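Student: Listed in order, the protein sequences are those of chains A, B, C and D.
Residue 583 in this note's numbering is what sits at position 291 of the first sequence, and the numbering runs on without skipping anything.
Residue 600 in this note's numbering is what sits at position 116 of the second sequence, and the numbering runs on without skipping anything.
Residue 458 in this note's numbering is what sits at position 452 of the third sequence, and the numbering runs on without skipping anything.
Residue 91 in this note's numbering is what sits at position 81 of the fourth sequence, and the numbering runs on without skipping anything.
The C-beta atom is built at its ideal place from N, Cα and C for all residues, glycine as well.
Please read all numbers here as calculations on a predicted model, not as lab measurements.
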Amino acid sequence: MTTTTGRTDETRPGLNAPAGPTGWTRFSEWLDRHSGQFFITPAVVMILIFAIFPLVASLMLAFTRARIGAGGFKFRFAGLQNFEKQFFGSEQFHFLGTFSAFSLLAWAVMAATTAGIVWWLYRYASTKFSWFGFVGRLITAALIFGIVLMFSATLFSGSPFGTLGVTLFYVFVGCAIQFAIGLGLAFLCSQKIRGRGFFRVVFFLPLMITPIGVGYAFRMLADTSKGPFAPLWQAVGLGDFTWVANAWTARMFIVVADSWQWIPFVFIILLAALENVPRDFVEAAEVDGASGWQIFSDITWPQIMPVAATVMLIRVIEAFKIVDLPNIMTAGGPGIATESMTLHSFFAWRSFDLGQSSAIAYLLLFVTVVVCVSFFNLVVLGRIRQS
Amino acid sequence: MSTNVIDRPSTATPAALTPKRLTISNLNKSFGAVHVVKNLSIDVEPGEFLVLLGPSGCGKTTALRMIAGLEEVDDGSIVLGDTDMTHVLPKYRDIAMVFQSYALYPHKTVAENIGFPLKVRGIEPGAREEAVRDAAAQVHMETLLDRFPRQLSGGQRQRVALARAIVRRPAAFLMDEPLSNLDAKLRGFMRAELKHMQHELGVTTVYVTHDQIEAMTLAHRVAIIDHGVLQQLGTPKDVYNNPANLFVAGFMGSPPMNFVEGTMNNGRFRAHQVDLAVEGGVTASDVTLGFRPEDAVVVDPGQGRFDARVYTAEMTGEQTLVTLKIGEDTLAVKMPKDFEVDYDATVGIGFAIDHGFLFDTTTGKRLDARIADAA
Amino acid sequence: MTHNPLKALLAGAAGVATAVAMAAPTVAQDYSGITVNILTRPGPVIAGRMAERGEEFTEMTGAEIRVDEVPFAELFQKVLTDWATGTNSIDVGVFASGWATELAAADLLEDLTPYVEADDKIDIDDIAPYFREFNQKIAGQVKLITLDGDFQMAYYRTDIFDEYGLEPPRTWDEYLANAAAVHGKDFNGDGEPDFGSCMFKKRNAQSYFAVMSFAAAYVQSKGTGEGIFFDTETMKPKVNNEAWIKAFEIYKATGEYGPPDEINHDVGDTRALLQAGRCAQMIDWGDVGPLSIDPEGELIRNKMGAVIMPGTTEVLDEESGELVACDAERCPHAIDGINYAPFAAFGGWSGAINKNADPKVKEAAYAFLSYMNQAAQSNVDVTMGWTGYNPYRNSQLENLEPWIEAGFTEEAASNYLGAIKASLNNPNMASDLKIPGAAQYTGVILDRELARFLAGDITAEQAVANIEEGWEEITDDFGRDEQAEIYRLSLGITNQ
Amino acid sequence: MTATGHDLSSRGLWQRLFEPPSINRMAPGTFITVYALLLVWTLVVLFPVYWVLITSFKLPLDVASGPYFLPWVDFTPDLHAWKALFVDDWEDTLKAYSNSIIIALASTALSVLVGSMAAYGLARVQYKPKLGSILIFVAATIAAIIAVVRYGVEWWLAGLVALAVFYFLVLALSRHFKTTLANGDILFWIISQRILAPIVVVVPIYIMFQRVGQLDTHQAIILTYAVINLPIVVWLMYDFFTSIPVDLEESAQLDGATRIMTFTEIVLPLSRAGLAATTLLVSILSWNEYLLALFLSTSKAQTMPILVAGMAAGERGVLWWTMCVTIIVMIVPVVFMAIVLQRFISKGVLLGAVKG
C-alpha cells in the first residue's frame, strides 16, 4: 500500500485522502505549480551573470582606453579607436598582416572568389528566395570576401599574415586533418576486427592530458638536437633544422600537437555513428553487388554525414579558442607567425591594454559566430534535412 | 560441366534469363554451440516459388541468408544453375533479396534506390533509367520515382524493395517475410500481387515466412522447418491434407488440428471415453488421433465417433467455432454460422475416415492406418 | 650641471624624514602574530632563498613570512591590480625596480626613507652608488630595498679563449669575430660541434633586455643622464636611427654562431647550454659567475671570464641620426677610444611595500627586507648561483673571501668582481626604462618588433620605425607631458 | 556436377589480396593494412606519453645531452624529479593538486546539476517568455553597465535600479506583448553560449570578482568553469531526456509525485549513462583548463596547469623533468574517473547526444 504523499502518516484517516494541508505540502504544491521556472531559472541566471553581463561589459571596454591609477581602473571613452587601430592603424600588420602590392596570383584568387560569391548568391536568389536567408548569405559572403582579400594582400603577395590568418589556419587546417584521420581511424575500427574495445580506450587517452602538458611534450619531441627523433633528423641531414625557426613549420608544429589531442574526440563519435548504421543497409548493398568502397561512399557515409557535420561544428567552435598551445610552445613566435587571436588579446591584456584586448576578443567573437552560424545553416541543417 | 568464371557481376542488361535450379544439399550452420540448421537439403525447381515455413527461430531465415551469402556455410553446398555458390561473395551470386525491413536507403529517392544495383554494376545511366522505369511500372510505382522512402506508405516501400530486386533480372529471388510489416488488408492484396509477379517473371524464388496462410497461398511447394530440421517438403495441399508428422499437422491450419492422445491395444484406440477400431498394422502403443475442426461435425450424443461436453461456441462471422472438452483435452469443431448449442451439453463428434489421422506419439511420425468404418 | 630639480626635492624630503625618524622603530623588534605576504616570481631563483631567509627571520622576530609565487609574465599585473584596486592581499612585491615607477606614480608605494634613516644595521652607503641613489629612489624618496644588482655583462670561456688565442671582446665586432673563430668546434668533448655565442632571443621572455644592451653603447655616450629611449625634452623616441638599427643587426648576426633554435631560447635555455659547456661567449646578468661554481656547473667551473658589456667606437649623432666616430668631445667616458655603456637591464630584484598595508605589517616587512639587504646576509647570498641574487654592495666587490669559500679560484673571483666593479662604476651606465607603461613600451612593442625582425618578416629599418610609431601612440595615450616629466626624473640622478 | 564457380585461385592478385574470401572474414590484405594502421596510430598516441614518463625519471644532464630511450639501458632512472615535487616543495604541489580536484569536482557537479535541470525543463515544460520583456531586460542591463563603466556609478546601486525599472516596466507593459519565444529559441541561446571564447568575457569577470573581493578564491573559478561548461551539459542532456519515453513520468505523476520528485526519483536514475558521459567530459575540460585559472588565481587558488606552466618560466631553463612528473600525475585522476564512468557510458550515448 504505497503512501501517495511523501509523509509518514499513521494519523491519516482515509486510505488516500490527504490530511489537512500542512506547511510542507502547501509549499511542495506551490513549488510543483512553479516547477517549470524552478528548473530553468538557475541556468538562465548563471548565464546572465557570467556570460551576458561580461559580454556587454566587454563591448563597453572595447570602446574605451583604460588606465590603472590609484583606486582602480580609469576608463576614457575612445570610440572606435581600438578597432580602427586593428584594421588601419599601427596594429594592422599584427591583426590582418603586412599588406603588400597584389601579385598576379592575388588578383586571380580575388577574381575567382568574387565570381564564385556572385554566382552563389545569384543561384540562391533565383531559387527559393527568402529575405532572412539572403541576408544571412550576404553576411557570410562578405566575411569570405574579406578573408580572401586579407589573404591575397598578404599570403598570395608574399608577405606574412596576422593573427586573424593564423587563427583561420589553425581552425581550417587543424579541423580538416583531425576530421580526415578521425574518420579514417573510425572506419578502420568499424571493420570486423577483434580488440576494438582496446583501441577505443587507448585512443581516448590524449583527450585526458592537459593541453599544457601536450604542448611541452611536443616541444620535447620536436627538439632536433636532443629529442627522441634527433637521430632521425640527423640522418636525414636536417640536423640543425628547427621547427620553431620557420613560420610555416612552427604553425604545423602547433597543428600537429592540437590534432594529436583532438583526433580521439572526432574518432570516438564517428565510430559510434558508424556502429549505428543499421546492418540491413550494408547487407542489402552487398547483395546488390556493391564493392567495399561503393558501400562506404554510397551508403555508410551519407548515413553518418549529419553526425560528422555536427562533430565538425563542435571542433570548429573549440579550435577558434586556441591559446594554450601557441602560448607555451612558441609564445607566438617566430615573429607573430603562430600567434592566435586569443593569444593576441591575452598579450594585450597582460600589458594592461584592456581596450585593445576587448576589441580583439570581440573581433574573434564576430568571426567565430559568422563562421559557425553559416557552417550550421549551410552544412549541418542541409545534411540533417536531407537524410 | 564448364566452370563459367564470374570475376565481376554480369554487366549484360538483364534480359529475361532462363530460370535456374537452386539445389541446397546437407546445409549445416551453428552459431557457437547452437546448431541452427541441421543438414537441410532442398531442390528448388527452376522458376518455382518455394516457401520456407516454420515458427520463429527455427533457422529458416539463417538458411535464406546462407543462400544469399550473408552467412557463412559451415557444411554442405548451394548450387544455383550449374554454379556452386557455397563460398561465393553475395555480389557474385546473381541473387536478389528483399529484406523484412525493406532496407531502402533513406537518403536516396525511389528511382535511385531501384537503380542502385545497376549503378554498382556500372551500367550507364541511359539503360539504367529505362530499366528502373520498367521495374517501377511492374510494381505500379512509376509515378512516385522522385519521392524519398520516408514519404511513402508501408505498402509502397515494400513495392519499391520488390522493384529493386526485379530490376536486375537475377537468377533467384530471396524474400525474408516481406509482408510481415503490412496491415492485414494490404497483406492480402500484396500476396496476390507477389504471386502474379513471380508467375509472370518465372524467377526461382525462396520465400521465408512464419504465416501459414501466406505459405499456403503463395507456394508451389512448402518446406516446413522446425529446430533447423526439414519436417516436410510438399505442395500446400499435400502438406495440409496429409501431414508427415505431428509437428506439421499441428502447425498447419488455424485453428490447429485437434489431438487426442490415447493408447492402442489389440487393434482399438482408447482414450477417455473414445474407443475406435483401427485398420492397418499399428505397432506403436501410444498413439495420437488427429482431425481438423473443419472436417468434423457436432451431432447428437452417441451418433458421432465419440461423445464430448460443449465448452463454448463462438460466432466468428462466416462460421461458429464450437470448443468441446473430453477429459482434459479441448477440441474445436467449425459449424455453420447459424449453429446453436447449449453450454455443457453432451454431444457427439463425427468425422470422415480419411479425415482422421493417427500419429505415433513418441516419434511424431504419421501411421499408415485409418479408423475402421464400423462405429 | 644645471640646477638639478631632484636635488632640491631631496633636501626637502630629508627635512621631513628627520621629523618622522623617531617614529620608525629599530629593526630587531618582536612581530609575532604578524604575517607578511610577499609575491614574487616562481622557482628556486629569488623566491627560494627568500623563503629560507624568511624562516630565519621568523625565528628572530616571530613574524611569519609567506612567499607566494606567480609566473614572471603575470607578476607585475597581479601586484598592480592587487594594490590599485584595494584588494591588498599582498604586502610586499619583489619585482624589477623599473616596474616601481608606475606603482609610485599611482601613489601605491610606502615611502621607506624614514625607515632607512632609523635603521642602523642597513649601512646604506655600502650599496653601490648606482643602486643606492638611482635604483632605490623614485623622485628622491626611497621606495625600494635592493636585493639584487642587475646589469648585463659579457662572458667568455677563458680556457677556450686561451686555447684559440682570443682576447676578451671589447667591441661588438670583436665579439662576432671571436664567435666566428671558435663556432663549430667541440668544447665539452661530447663530439658534437658547439657554439661561438649563445644568446637568448625568445619572444615574451625578456629578449628585449639583450638588444637594449647592444644598443646602449651606440646611443648613450654622455652619461646616464642622457638616456637611451627618449629625448628628455620632447619625449620623442630615440629609436628610429642608425644606432638601434646596428644594434638589431648585430644581435641577429650572433645567430649565425649560435644554436639553430636560438630564436626560441629564453635566458634559462641559454644558461642550460652554458652549463652543458656548449657556449664560448654569451651575455647575461650577473648570475653566470655563481652559476659556474654550482654543482651542475662543474663543466665550466672556473672557466668563465667576465668582462664589461662590449662597447662601440661609433656613437649616435642625434641631429643626423647617423653613427659617427667617437672623439673626446663626443665620448667623454670612452676608455681608449671605446665607449662602454653597461645596461642596468631590469634594474635588479627589489622589494617594495604596499602603502595601504597595516602599519604593523609594514614595519615587519621593512625589517625583513632590511635583514635580507644587510651585508651579513646579502654578501653570502650573492655568492650562491642558484639564489639569483647578484652583487650590488661595494663590500661584496672588495673582499674575495666569501667568493673563494663559495668555490671560485682566486683568479676567477677577481676577474668576475673586477668586471662588476668596472660596470658599476662606469659613469655612462645606461638605465632601464622606468616610466608608466614600461611594460607596453618594451614588453609589447619592442619585443614584438624584435621578434618579427629576428623571424625575417621585416627589416631593421621597418622595425625601428614601427617601434617609434608604437611608442608615440603609448606616450600620447598616457599623456606626453606627464611621461616626459617622470622620464626626466628617472634619469635625474647622475652618477657622481 | 559440383563445379566450383568462384574459387579463390581464379581471381587476380588484387582481388586475392583485398577481397574477403567470405562474408565474415576479412581479406588477408585488408587484415594486415587495418591492423598495421591501427598499431601505427597506437604508437603515435602512446609514444609521447611514454617519452614524458621516462623524462620524468631523467637527470637534467641526461635530458640535456641527448635522446635516451630505455631506462636502465640508455640511462639510469633517478627519482630526483619526483622527490622535488613530492618532497621538497610538497606543500605547493599538494595545494595546487587539491585546488584542482576541488575546483574540477565542484564545478562539474554544479554545471551538471544546473544543466540537467535546465535540459529537463526544456525537454518537458513549455516555456513562453515574452520577447518584449526580454528586450526591456537587455536595455536595462546595457544602461546599468554604461552607468558603471562610464559614469562610475556604484555597481550594486546601478544593478538594483536596473532591476527595479525592469520589474515595473514588465508589470505595466507585459499585457501588450504578443510575440513569445519557444523552447527551441531558449535552447539555441544556451547552447550558443559555447561559441563565446573565454577571452571575451574573462576581463569583465575578473573586474567583477575583484570588485567583490573574491579574486584568487575557489568559488570564483568554480562558478566561472560551471558557466563555461553549462552549454555542453544542456546540449548533451537535452538529447538524452528527449530520448527517454514520457509515459514513465506520466505514470509517476498520476501516482501523485510532484514534477521535481519525478525528476529526481525517476528521470535522473534512468539517465545515469548520459550523466556519466557528461560528467566525464565536463570534468576533463575543467581539470585541464589553463587560461581562466591564469586570470582568476594568483596563489591561493592556483591549479595544476598553472603549476606546470610555472615550471617552464624558470630562469634555469625549462625544468622538463619536474614538469613531466606533474603531467603524469595530472593524468592519473582523469584515467581513474574514465574507468569508473566507463561502465555507464554505452557507445550510443555519445552519439545520441551529438545527433541532436
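Give me the Cα-Cα distance between A/A613 and C/S437, rounded to the nearest whole angstrom.
Tutor: Note that residue 613 of chain A is Lys in the sequence shown here, rather than Ala. The straight-line gap from Cα to Cα measures roughly 40 angstroms.
Student: Is A/V506 near the ligand GDP - that is, is its Cβ less than 6 angstroms away from at least one heavy atom of it?
Tutor: In terms of ligand content, the structure shown is empty, and the ligand GDP therefore cannot be addressed.
Student: Check the C-beta distance from C/Y346 over to C/D154 and give it rounded, since I have them as a contact under 8 angstroms.
Tutor: 22 angstroms between Cβ atoms; not a contact.
Student: Please check if any C-beta of chain B sits within less than 7 angstroms of the C-beta of D/N34.
Tutor: Cβ-Cβ to chain B under 7 angstroms: yes for D/N34.
Student: For a contact defined as C-beta to C-beta under 7 angstroms, what are the partners of A/G581 on chain B?
Tutor: P493, K575, P601, V604 and R605, listed in chain order.
Student: Run through the DSSP bridge pairs and tell me what B/H519 is partnered with.
Tutor: Bridge partners of B/H519: B/S514.
Student: What residue range does the beta strand (DSSP E) around C/D356 cover?
Tutor: Checking the sequence, you will find Ser at residue 356 of chain C rather than Asp. Unbroken beta strand (DSSP E) run through C/S356: W355 to I359.
Student: Just to make sure I have the definition right: I need the residues of chain C whose C-beta is within less than 8 angstroms of the C-beta of D/S309. Which are they?
Tutor: Under the 8 angstroms cutoff, chain C gives L45, D74, E75 and V76.
Student: Under 8 angstroms, with one C-beta from each stretch per pair, do the region 335–355 of chain A and the region 627–644 of chain A reach the 3-pair mark?
Tutor: No, the region 335–355 of chain A is not in contact with the region 627–644 of chain A.
Student: Quick one: which chain C residues come within Cβ less than 9 angstroms of D/V328?
Tutor: Result: D272, G274, D275 and A278.
Student: Measuring only the C-alpha atoms, how far is D/S202 from D/W245?
Tutor: For D/S202 and D/W245, the distance between alpha carbons rounds to 10 angstroms.
Student: Straight-line CA distance for A/S649 to A/T630?
Tutor: Answer to the nearest angstrom: the Cα atoms are 18 angstroms apart.
Student: Skipping 5 residues on each side, what residues in its chain have a beta carbon closer than 7 angstroms to that of C/D47?
Tutor: Per the sequence shown, residue 47 of chain C should be read as Arg rather than Asp. The residues are A53, E75, F78 and L81.
Student: With distances taken Cα to Cα, identify the nearest neighbour of D/T6 among A/L655, A/I560 and A/K518.
Tutor: Past the edges of chain D, shown from 11 to 366, lies residue 6 of chain D, and the structure says nothing about it.
Student: Can you list, in chain order, the stretches of the beta strand (DSSP E) that have 3 or more residues and sit fully within the region 620–706 of chain B?
Tutor: Within the region 620–706 of chain B, the complete beta strand (DSSP E) runs of at least 3 residues are 656–660 and 688–693.
Student: With 7 angstroms as the threshold, decide whether the Cβ of C/T91 is near any Cβ in chain D.
Tutor: C/T91 counts as touching chain D.
Student: Using a Cβ-Cβ cut-off of 7 angstroms, state whether D/A46 counts as contacting chain C.
Tutor: D/A46 does not count as touching chain C.
Student: Which bits of chain A does D/N109 rub up against, with CB to CB less than 7 angstroms?
Tutor: Going along chain A, no residue has its Cβ under 7 angstroms from D/N109, so there is no contact; the nearest lies around 14 angstroms.
Student: Quick check: the Cα distance between A/F644 and C/P442, rounded to an integer number of angstroms?
Tutor: For A/F644 and C/P442, the distance between alpha carbons rounds to 11 angstroms.
Student: At the level of alpha carbons, what is the spacing between A/G487 and A/A514?
Tutor: Going from the Cα of A/G487 to the Cα of A/A514 covers about 31 angstroms.
Student: Does any residue of chain A have a CB that is nearer than 7 angstroms to the CB of D/A207?
Tutor: Cβ-Cβ to chain A under 7 angstroms: yes for D/A207.
Student: Helix, strand or coil for A/A600 per DSSP?
Tutor: Looking at A/A600 - three-state DSSP - the assignment turns out to be helix.
Student: Whose C-alpha, out of A/V671, A/I652, A/D324 and A/S392, is nearest the C-alpha of D/S211?
Tutor: For the sequence presented, residue 211 of chain D should be read as Val rather than Ser. Ranking A/V671, A/I652, A/D324 and A/S392 by Cα distance to D/V211 puts A/I652 first.
Student: If you draw a straight line from the alpha carbon of C/A331 to that of A/T622, how long is it in whole angstroms?
Tutor: Going from the Cα of C/A331 to the Cα of A/T622 covers about 40 angstroms.
Student: What did DSSP end up calling B/V535 once you bin it into helix, strand or coil?
Tutor: It is a strand residue.
Student: Quick one: grab the DSSP three-state call for C/R1.
Tutor: With chain C running from 7 to 502 in the structure shown, residue 1 of chain C is simply not present.
Student: By the 7 angstroms beta-carbon criterion, what residues does the region 551–580 of chain A contribute toward chain B?
Tutor: Residues passing the 7 angstroms Cβ filter: D572, F573, E575, A576, E578, V579 and D580.
Student: Of all the CB atoms in chain A, is at least one closer than 7 angstroms to the CB of D/W61?
Tutor: Output row for D/W61: interface = yes.
Student: So A/F238 is in the beta strand (DSSP E); what residue range does that whole segment cover?
Tutor: Residue 238 of chain A lies beyond the stretch modelled for chain A, which goes from 293 to 679, so this question has no answer here.
Student: Check the Cβ of D/P70 against every Cβ in chain C and list those closer than 7 angstroms, keeping chain order.
Tutor: Ordered by position in chain C, the residues that pass the 7 angstroms Cβ test against D/P70 are E302.
Student: What number of angstroms, rounded off, separates the C-alpha of D/F219 from the C-alpha of D/I156?
Tutor: Their Cα atoms are separated by approximately 18 angstroms.
Student: In three-state DSSP terms, what is A/I652?
Tutor: In this structure, A/I652 counts as helix in the three-state DSSP scheme.
Student: Could you tell me which residues DSSP puts in a beta bridge with C/E320?
Tutor: For C/E320, which the question treats as bridged, DSSP gives the partners C/A331.
Student: Helix, strand or coil, according to DSSP, for C/A134 in the structure here?
Tutor: Reduced to three states, the DSSP call for C/A134 is coil.
Student: On a Cα-Cα basis, can you pick out the residue from C/K309, C/I410 and C/W291 that is closest to C/S429?
Tutor: Cα-wise, what sits closest to C/S429 is C/W291.
Student: Assuming B/F533 and B/H704 form a contact by the criterion Cβ under 8 angstroms, report the distance between their Cβ atoms to the nearest whole angstrom.
Tutor: At roughly 5 angstroms, the Cβ-Cβ gap stays under 8 angstroms, so B/F533 and B/H704 are in contact.
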